[in-house]
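Structure first, commentary second.
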Amino acid sequence: MKVHTLDPRAPWVISTHDLGRRPGSMRTMKPVLPAPADVAVGLIGVPKDADVELDLRLEAVMEGVLVTGTALAPLTGECSRCLEPLTSDVEVDFQELFFYTAEDAGEDDQILDGELLDLEPTFRDAVVLALPLSPVCSDDCAGLCTECGVRLAEAGPDHRHETLDPRWASLRGLVSNNDEDDQEA
Ligand SMILES: [Zn+2]
Ligand SMILES: [Zn+2]
233 MKVHTLDPRA PWVISTHDLG RRPGSMRTMK PVLPAPADVA VGLIGVPKDA
283 DVELDLRLEA VMEGVLVTGT ALAPLTGECS RCLEPLTSDV EVDFQELFFY
333 TAEDAGEDDQ ILDGELLDLE PTFRDAVVLA LPLSPVCSDD CAGLCTECGV
383 RLAEAGPDHR HETLDPRWAS LRGLVSNNDE DDQEA
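The opening residue of the sequence shown carries number 233 in this note's numbering; numbering runs sequentially from there.
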């Protein structure tokens, strides 16, 4: 269980004052909150302070306040194939029961601090689980040439390196020597 004193001015701390504790009472809200720091995995994440659009339903139940919602957050990162910067977004669903008292709550459960609840850990967990481990700039990103490292999207479909038969390699050596002779001439 996570019992701590919440700062009512913190953006992700939400007051349940208007909801009351009568089971069945319900409130909906659509706040836009600044993304907390370090909501990221590997190459991709939500930029700090970016607008996160939330659609929340708070419902009083016997044991606490059940929060059900969706969050839409922008993403920035790096393509795992071509290493170019990419932007995207992520939409996650979540549900969390915030208990009135620690006695009812389990080890990993959230507890209300008076009328306040902290939605940040719920948001963070939901987004981190939804982030792609290998983000791509587009589904058909061709990545980088394994021979020379050029971006294949820019090099074009004809980009390839000739794999020379070793018997011809010495001949190519002759040709390039001739080229050098021409340049000197
Ligand atoms: Zn890419
Ligand atoms: Zn190449």
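Note that CB positions come from ideal geometry on N, CA and C, so glycine has one too.
DSSP places Arg-356 outside any beta strand (DSSP E); the residue lies instead in the alpha helix (DSSP H), whose first and last residues are 352-362.
In chain order, the residues that have a beta carbon nearer than 5 Å to some heavy atom of ligand 1 are Cys-311, Arg-313, Cys-314, Cys-369, Cys-373. Counting other Cβ atoms within 10 Å of its Cβ, Pro-255 stays below 16 and is therefore classed as exposed. Taking a C-beta distance under 7 Å as the contact criterion, Leu-286 and Pro-263 qualify as a contact pair. Here the alpha carbon of Thr-319 sits roughly 20 Å from the alpha carbon of Phe-355. With fewer than 16 other beta carbons inside 10 angstroms of its own, Gly-274 counts as exposed. Residue side-chain check: Glu-285 keeps its Cβ at 6 Å or more from all non-hydrogen atoms of ligand 2. Pro-266 is bridged by DSSP to Asp-283. The nearest non-hydrogen atom of ligand 2 is 6 Å or more from the C-beta of Val-299. Inclusion of Glu-379 in the 6 Å shell around ligand 2 follows from its C-beta lying nearer than that to a non-hydrogen atom of the ligand. For Leu-304, the uninterrupted beta strand (DSSP E) segment begins and ends at 296-310. In the structure shown, the three-state DSSP call for Leu-384 is helix. Residue range 245-247 is occupied by the beta strand (DSSP E) that includes Ser-247. The beta carbon of Cys-369 lies closer than 6 Å to those of Cys-311, Glu-316, Leu-318 in the same chain, with the five residues before and after it left out. Burial state of Gln-327 is exposed, judged by a 10 Å Cβ sphere holding fewer than 16 other Cβ atoms. In this structure, the CA atom of Asp-270 is about 17 Å from the CA atom of Glu-323.
DSSP places Glu-335 in the helix class (H, G or I) of the three-state scheme.
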